[in-house]
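> This is the structure, below, for whatever I ask next.
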Amino acid sequence: MALFALFTLLLAAAGLVLLVRIFSSFAPNSRKLQQDLDKMKEDMDKWAGDLVPMTREEVDLFSFNQEKHVLRKSFGKTAKGIFTSIYHEPILAYSYKEYIGPGKNALLYVRTGSQEFVYRISKKGIDVLVDREQVGTLKEDGVLYNKRGNRMLAQINREAGEFLPVLVNDREVANVARLKKGAGSKLSQRAFEFVKGDMSKEEKDVFLSLAVLEVIEQSINQ
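The opening position of the sequence shown corresponds to residue 87 in my numbering, with each subsequent residue numbered one higher.
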């Protein structure tokens with residue numbers, strides 16, 4: 087009898103934990119989003135370590151290789167990891183959480199050696215923030231509009247072939263490569279190609295906000 091009662095209690099506790107996990111994955115309000123973002127940052131402090139500054143040279147060397155990569159798909163997809171250079175230097179850490187609900191609904195936090203990027207993914211598009219400042223909204227067609235929604239800032243052409251051109255201020259500044267599945271080599275596959283060396287800081291921030299998102303999405307959805 088005592089064993090049955092204990093089993094029932096454990097089963098109820100397991101069910102409660104399961105319910106908490108399920109409800110925490112439903113579409114959140116703004117307060118819940120901020121709480122989740124704060125948790126992502128706090129968690130990342132524990133495992134990301136020191137990241138190499140993302141200089142012009144490191145952008146050229148940025149690869150699809152990941153360290154500490156974790157991907158879970160139960161009750162809303164979650165993922166985290168550290169992207170490295172082709173020489174396995176840690177450059178960028180990210181944490182991703184998907185919420186249960188109609189359409190796209192997710193939160194992505196990205197950290198480099200000197201910057202933070204936040205992406206709020208929803209049915210209307212992807213709100214992009216760089217260092218806590220809203221840059222704009224990325225639409226399904228790959229166009230990034232300013233925060234007022236009346237001017238195109240940048241565009242990534244996802245319909246291209248092996249390389250996806252990124253335009254900033256109507257100028258092609260770089261290409262994002264498509265991840266080659268199962269490709270094995272001594273050096274990791276480069277993520278960015280044909281990077282312009284004359285980008286202003288604003289142009290580089292906008293480029294990275296699109297390029298980093300594309301690389302992470304390819305990794306999560308492969």
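Glycine included, every Cβ here is placed at the ideal spot set by N, Cα and C.
Quick one: grab the DSSP three-state call for residue 130.
It is helical.
> Nearest to residue 169 by CA position, among 219, 199, 158, 161, is which residue?
Out of 219, 199, 158, 161, 199 has the C-alpha closest to the C-alpha of residue 169.
> Here's the rule I'm using: 16 or more other beta-carbon atoms within 10 Å means buried, otherwise exposed. How should residue 290 be labelled?
Residue 290 comes out buried.
> Can you tell which of 138, 194, 171 has its C-alpha closest to the C-alpha of residue 165?
When only C-alpha atoms are compared, the closest one is 194.
> Can you give the Cα-Cα distance for residue 201 and residue 210, rounded to whole angstroms?
Looking at the two C-alpha atoms, the distance is approximately 25 Å.
> Can you look up residue 225 in the DSSP assignment and give me helix, strand or coil?
Reduced to three states, the DSSP call for residue 225 is coil.
> Hey, out of 136, 141, 221, 123, whose CA is closest to residue 288's CA?
Ranking the options by Cα distance to residue 288, first place goes to 221.
> Under a three-way DSSP split, which group does residue 124 fall into?
Three-state DSSP puts residue 124 in a helix.
> Look up residue 307 in the DSSP assignment and say whether it is helix, strand or coil.
Note: residue 307 maps to helix in three-state DSSP.
> I think residue 240 touches residue 296, with their Cβ atoms under 8 Å apart; what is that distance to the nearest whole Å?
That belief holds up - the Cβ atoms of residue 240 and residue 296 are roughly 6 Å apart, short of 8 Å.
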